[in-house]
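Residue numbers (the numbering used here), protein chains in the order written: chain A, 106 to 511; chain B, 106 to 511; chain C, 5 to 146; chain D, 5 to 146.
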Amino acid sequence: MDKNILAKIREDFPILGTEVNGYSLVYLDNAATTLKPKYVIDRLSKHYLYETSNIHRGVHFLSQQATTYFEEVRDKVKSYLHGDSTWETIFTKGTTGAINFVAQSFGSIFNSGDEVIISQMEHHSNIVPWQMLRDRKNIVLKVAQMDERGILDLEHLESLITEKTKLVSITYLSNALGTINPVDKIVKIAHSKNIPVLIDAAQAIAHITIDVKKLDIDFIAFSAHKMFGPTGVGVLYAKKQLLEKMPPIEGGGDMIASVRFDKTIYNTIPYCFEAGTPDIAGVIALGVAIDYINSIGLKNIEEYEHKLLQYATQKLSEIKNLRVVGTSPNKSSVISFVLDGIHPHDVGSLLDSKGIAVRTGHHCAQPVMEFFKIPATTRASISFYNTKEDIDRLADGILYVQSIFE
Amino acid sequence: MDKNILAKIREDFPILGTEVNGYSLVYLDNAATTLKPKYVIDRLSKHYLYETSNIHRGVHFLSQQATTYFEEVRDKVKSYLHGDSTWETIFTKGTTGAINFVAQSFGSIFNSGDEVIISQMEHHSNIVPWQMLRDRKNIVLKVAQMDERGILDLEHLESLITEKTKLVSITYLSNALGTINPVDKIVKIAHSKNIPVLIDAAQAIAHITIDVKKLDIDFIAFSAHKMFGPTGVGVLYAKKQLLEKMPPIEGGGDMIASVRFDKTIYNTIPYCFEAGTPDIAGVIALGVAIDYINSIGLKNIEEYEHKLLQYATQKLSEIKNLRVVGTSPNKSSVISFVLDGIHPHDVGSLLDSKGIAVRTGHHCAQPVMEFFKIPATTRASISFYNTKEDIDRLADGILYVQSIFE
Amino acid sequence: MNQNELYQQVILSHNKSPKNFGKPATFTHWAEGFNPLCGDHYFIYLTIEDDVIKNVFFEGEGCAISKASASLMTESLKNKTISDVESIIKKFHDYMTLSQGNLKDLGKISVLSGVKDYPARIKCATISWHTMKQAIETPVSE
Amino acid sequence: MNQNELYQQVILSHNKSPKNFGKPATFTHWAEGFNPLCGDHYFIYLTIEDDVIKNVFFEGEGCAISKASASLMTESLKNKTISDVESIIKKFHDYMTLSQGNLKDLGKISVLSGVKDYPARIKCATISWHTMKQAIETPVSE
Ligand SMILES: Cc1ncc(COP(=O)(O)O)c(C=O)c1O
Ligand SMILES: Cc1ncc(COP(=O)(O)O)c(C=O)c1O
Numbered sequence: 106m107d108k109n110i111l112a113k114i115r116e117d118f119p120i121l122g123t124e125v126n127g128y129s130l131v132y133l134d135n136a137a138t139t140l141k142p143k144y145v146i147d148r149l150s151k152h153y154l155y156e157t158s159n160i161h162r163g164v165h166f167l168s169q170q171a172t173t174y175f176e177e178v179r180d181k182v183k184s185y186l187h188g189d190s191t192w193e194t195i196f197t198k199g200t201t202g203a204i205n206f207v208a209q210s211f212g213s214i215f216n217s218g219d220e221v222i223i224s225q226m227e228h229h230s231n232i233v234p235w236q237m238l239r240d241r242k243n244i245v246l247k248v249a250q251m252d253e254r255g256i257l258d259l260e261h262l263e264s265l266i267t268e269k270t271k272l273v274s275i276t277y278l279s280n281a282l283g284t285i286n287p288v289d290k291i292v293k294i295a296h297s298k299n300i301p302v303l304i305d306a307a308q309a310i311a312h313i314t315i316d317v318k319k320l321d322i323d324f325i326a327f328s329a330h331k332m333f334g335p336t337g338v339g340v341l342y343a344k345k346q347l348l349e350k351m352p353p354i355e356g357g358g359d360m361i362a363s364v365r366f367d368k369t370i371y372n373t374i375p376y377c378f379e380a381g382t383p384d385i386a387g388v389i390a391l392g393v394a395i396d397y398i399n400s401i402g403l404k405n406i407e408e409y410e411h412k413l414l415q416y417a418t419q420k421l422s423e424i425k426n427l428r429v430v431g432t433s434p435n436k437s438s439v440i441s442f443v444l445d446g447i448h449p450h451d452v453g454s455l456l457d458s459k460g461i462a463v464r465t466g467h468h469c470a471q472p473v474m475e476f477f478k479i480p481a482t483t484r485a486s487i488s489f490y491n492t493k494e495d496i497d498r499l500a501d502g503i504l505y506v507q508s509i510f511e
Numbered sequence: 106m107d108k109n110i111l112a113k114i115r116e117d118f119p120i121l122g123t124e125v126n127g128y129s130l131v132y133l134d135n136a137a138t139t140l141k142p143k144y145v146i147d148r149l150s151k152h153y154l155y156e157t158s159n160i161h162r163g164v165h166f167l168s169q170q171a172t173t174y175f176e177e178v179r180d181k182v183k184s185y186l187h188g189d190s191t192w193e194t195i196f197t198k199g200t201t202g203a204i205n206f207v208a209q210s211f212g213s214i215f216n217s218g219d220e221v222i223i224s225q226m227e228h229h230s231n232i233v234p235w236q237m238l239r240d241r242k243n244i245v246l247k248v249a250q251m252d253e254r255g256i257l258d259l260e261h262l263e264s265l266i267t268e269k270t271k272l273v274s275i276t277y278l279s280n281a282l283g284t285i286n287p288v289d290k291i292v293k294i295a296h297s298k299n300i301p302v303l304i305d306a307a308q309a310i311a312h313i314t315i316d317v318k319k320l321d322i323d324f325i326a327f328s329a330h331k332m333f334g335p336t337g338v339g340v341l342y343a344k345k346q347l348l349e350k351m352p353p354i355e356g357g358g359d360m361i362a363s364v365r366f367d368k369t370i371y372n373t374i375p376y377c378f379e380a381g382t383p384d385i386a387g388v389i390a391l392g393v394a395i396d397y398i399n400s401i402g403l404k405n406i407e408e409y410e411h412k413l414l415q416y417a418t419q420k421l422s423e424i425k426n427l428r429v430v431g432t433s434p435n436k437s438s439v440i441s442f443v444l445d446g447i448h449p450h451d452v453g454s455l456l457d458s459k460g461i462a463v464r465t466g467h468h469c470a471q472p473v474m475e476f477f478k479i480p481a482t483t484r485a486s487i488s489f490y491n492t493k494e495d496i497d498r499l500a501d502g503i504l505y506v507q508s509i510f511e
Numbered sequence: 005m006n007q008n009e010l011y012q013q014v015i016l017s018h019n020k021s022p023k024n025f026g027k028p029a030t031f032t033h034w035a036e037g038f039n040p041l042c043g044d045h046y047f048i049y050l051t052i053e054d055d056v057i058k059n060v061f062f063e064g065e066g067c068a069i070s071k072a073s074a075s076l077m078t079e080s081l082k083n084k085t086i087s088d089v090e091s092i093i094k095k096f097h098d099y100m101t102l103s104q105g106n107l108k109d110l111g112k113i114s115v116l117s118g119v120k121d122y123p124a125r126i127k128c129a130t131i132s133w134h135t136m137k138q139a140i141e142t143p144v145s146e
Numbered sequence: 005m006n007q008n009e010l011y012q013q014v015i016l017s018h019n020k021s022p023k024n025f026g027k028p029a030t031f032t033h034w035a036e037g038f039n040p041l042c043g044d045h046y047f048i049y050l051t052i053e054d055d056v057i058k059n060v061f062f063e064g065e066g067c068a069i070s071k072a073s074a075s076l077m078t079e080s081l082k083n084k085t086i087s088d089v090e091s092i093i094k095k096f097h098d099y100m101t102l103s104q105g106n107l108k109d110l111g112k113i114s115v116l117s118g119v120k121d122y123p124a125r126i127k128c129a130t131i132s133w134h135t136m137k138q139a140i141e142t143p144v145s146e
């Protein structure tokens, strides 16, 4: 991506032209939520200005139109993930909603003693739903280890599998460490024992080309707001063959074929899993976010972000008393670090005073912090609209923080 | 509301200036979803253009700012419902999400044989979650009857209560019939036996002043999209005292205090019930929708809509072979009807050809249809931006439909 | 085409006086079909002998389009072999939902052609056909 | 006030060398406090005798603001009666979260005044105080 293209892209994100604490904004908190291009924002406005309507149940023009636009997004998701009609798109309220749904619905057919395998680098969204299932159904939750670089130990993962293992649920890209996990190998290991795999793609979705068909992923979950779309919408993209075994978890409008007080018949997949009025505008805007990513090209994004992450890693490694947490050679978009003697919360506050937005804390991955025996990290996470200048500002900011604590 | 104010209000809704099938839009599908005033749309845009950020976990300016705006809406909900610190606002993805949450969480402390009482005029959202609970926990679902005018039979409701009754869950305003239920009396009956009450306010929220304190409502559920706000957001407003007994249902980020693989400690109320990134922009926009309603005044809205509904009822009663379904003297905003020998679906299609948007079908209230022994109705539902001219267009449209089927 | 042109005389008259309407005393196959979106609800009752649809009735409630479509369907499928019926169903379905081919050689059924342009109504036209397909595959159990 | 002015010398030095830090051999009351938002995690250990806080220690991890606040708190609450401590806690809490009153008569603690203007940091300043309150109410069980 050359300078001109980058400058044009940055114009798509009006927030990049704003100031924070008197400095032009450096937004390095993309793993928390990405910024939104004006096309997505305009599409939301257009829907509410001229197309507002509820969907599915209306015969009038606006309802028909909104239904068509809404339903089209299922196909956009399919293309984006390189799926086919073997999978189905289910709209949820986010990654968390999607994983909880799998834990509740797919989990409802597990028996006491059945096992779910996750990893040590999971986000709380891919831990707590399984703990809740453990408490409810007395399943066993097993945790595949990682090494001190933040690389998943595949042999350990494989060794955890038994005849009781019912699901392997792993993140594609760690939001705390930046590690890219070898999804192809994970799926092969699990499938060789006929175990389905859920991939938490909350982070990967905006940074890595995902081919569910080639990878043969069974369930994949992600959030619109982490891929330049609106808050409040997510997706579970899943094999129909598995969905067919899964009971609906929420009841209400749209998810039924017929309701009588004595007996209710559910609607077909995917509708039976989408009770109530969905986030119509949000889903339609997610479609535009997908179009927007496609217009730039995920390949270009991957290439550019790879270089930028290398630059950042180089730049930060030159700073004394700074340690990068997560040093796998296979990383994307995230750089987590700690400064000797300075708590990340203070780092974040002081960087903010210079207009630099980073995230500090446990990043909803407390077990990662526990593993590295640190309370928290400072995390800079990039997207394709970030620049080398952003990284330079970050590096200078860190030196400034250190100067205060000297 | 005089003509000038009405004209000004209509300008707040740009969609009212559009054409459908060559006719200026007459939007009478407000019970499905309301239109959105430009202030709400602008607020959404502003958030995404200049304020995008994830909330709660960030120390940087944007995150702080978004957190403040997001959290403020809990208070706006409180004021709108005339509540106090005895209640708490929980954001959900809609009415359906809120009721399902109560069924799953509050329902989890029910025992086999315990009873839940609903009514014959409930929306599927207030039926199916309880049927699911029935199947899961072997509870008993009891249904309070209504009469042929669509009036709830309070004596019957009272007679259903036993020592095993754990919850009464009733709609405030029927979306299929327009009946306003006597929430004050329902709560008195239930509370005299120490039974909490859930009120489905999906419809009431935009049409009726609700005072949870005076009415002493335990749980109340509604959706932003039916009160001029965005899709994807809803609220459960509930007594803290009850929430304190209720377990979280979804696990993930933000709802935890600490996560270890062996033991996780949940966050406090309301956060423990809001797993994952919420619909930040949607919640903030809901706040603006509340402000907007307040700026017009619910009292004014109630008065104006009451007159408009009377006018519509009068107008439609003059049409031959038309029967209004739902004839309680205490009604709001909804007029459902059937035409002899013409299926509602055909009515809806042909009205649409004249630019008139109404809803046809069972309105997610199949038991109501069964009660009246009809497959469906045509439903016109009004809001404060509708006019007498809209009603005249509807009446003329119905005559046109009848002329085709003559 | 204007929406009101959907409501041609043939459709209106089949709606008013549907053919083969009601539940027969005996039948060998049957199925029930819903359209949850609008409340349409139909039953199809078949008497199949030697792979031929000897008799077909339908019963239920729905809009003019769905009722006319069911009525026209029963008329045209009676006394046809299962394999003929299946290919007609496929033709109708492909036309309505995939916009493939046309209904010209299906006789009177072609009055339903215009429905295709109204996505909201396609399910009205196809519900009885889906139910027909299911009925063929569902023999009466006792 | 600029954000960096939060980090006054007193705060930086209490952060570097906190007072009353560590777990004492014996204690009569204790509590654990989290800030789930940023991972702050503190323990408070008390020795209460005759309604007086004879000894107070804290332990844990957190940012400079939280650590300095805990350190300053332990210094100022030692040897105070429970009722005095409770009113100081209330005063601190009301100032920080409700903007009521001021910290002037709380001695050194007043260096934390500026935190109030940074909503993100208020919880950092108050976590140890909340935990203190809980500790007072939580005698060691065995
Ligand atoms: C009375 C009533 N309850 C519940 C709902 C469900 O609301 P939502 O679809 O927004 O969850 C509706 C709206 O359709 C309704 O009218
Ligand atoms: C790896 C990972 N999984 C899950 C989530 C949860 O996503 P959401 O909060 O949008 O549900 C996140 C984002 O915080 C994440 O980074």
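Quick reminder that beta carbons are idealized off the backbone N, C-alpha and C, glycines included.
Mind checking whether residue i and residue j have CB atoms under 7 Å apart?
i	j	result
GLY446(B)	CYS42(C)	no
VAL292(A)	VAL182(A)	no
TYR144(B)	VAL393(B)	yes
LYS271(A)	ASP305(A)	no
GLU234(A)	ASN205(A)	Reading off the sequence shown, one finds Pro at residue 234(A), where the question assumed Glu. It is a contact, given that the beta carbons lie within the stated cut-off.
VAL452(A)	ILE479(A)	no
ALA329(B)	PRO335(B)	yes
I want to see whether chain A comes within less than 7 Å of residue i, judged by CB atoms only; does it?
i	result
GLY43(D)	yes
PRO142(B)	no
ALA68(D)	yes
GLU65(D)	yes
PHE62(C)	no
Is there at least one non-hydrogen atom of ligand 2 closer than 6 Å to the beta-carbon of residue i?
i	result
THR465(A)	no
GLN236(A)	no
HIS312(A)	no
GLY337(B)	no
Examine chain B for any beta-carbon lying closer than 7 Å to the beta-carbon of residue i, and answer yes or no.
i	result
ALA129(C)	no
TYR46(C)	no
At the 7 Å Cβ level, is residue i part of the contact set with chain D, yes or no?
i	result
ALA481(A)	yes
Is there at least one non-hydrogen atom of ligand 3 closer than 6 Å to the beta-carbon of residue i?
i	result
GLY26(C)	Of the ligands this structure carries, namely ligand 1 and ligand 2, none is ligand 3.
Among the options, which one has its Cα closest to the Cα of residue i?
i	options	result
PHE47(D)	ASP55(D), ARG125(D), LYS71(D)	LYS71(D)
GLU423(B)	GLY387(B), SER488(B), LEU499(B)	LEU499(B)
TYR490(A)	LYS420(A), VAL302(A), LYS412(A)	LYS412(A)
PHE62(C)	ASP88(C), ASP55(C), HIS33(C), SER87(C)	HIS33(C)
Check whether chain C comes within 7 Å of residue i, counting only Cβ atoms and requiring the distance to be less than that.
i	result
VAL164(A)	yes
Would you say the beta carbon of residue i is closer than 6 Å to some non-hydrogen atom of ligand 1?
i	result
GLN308(B)	yes
GLY212(B)	no
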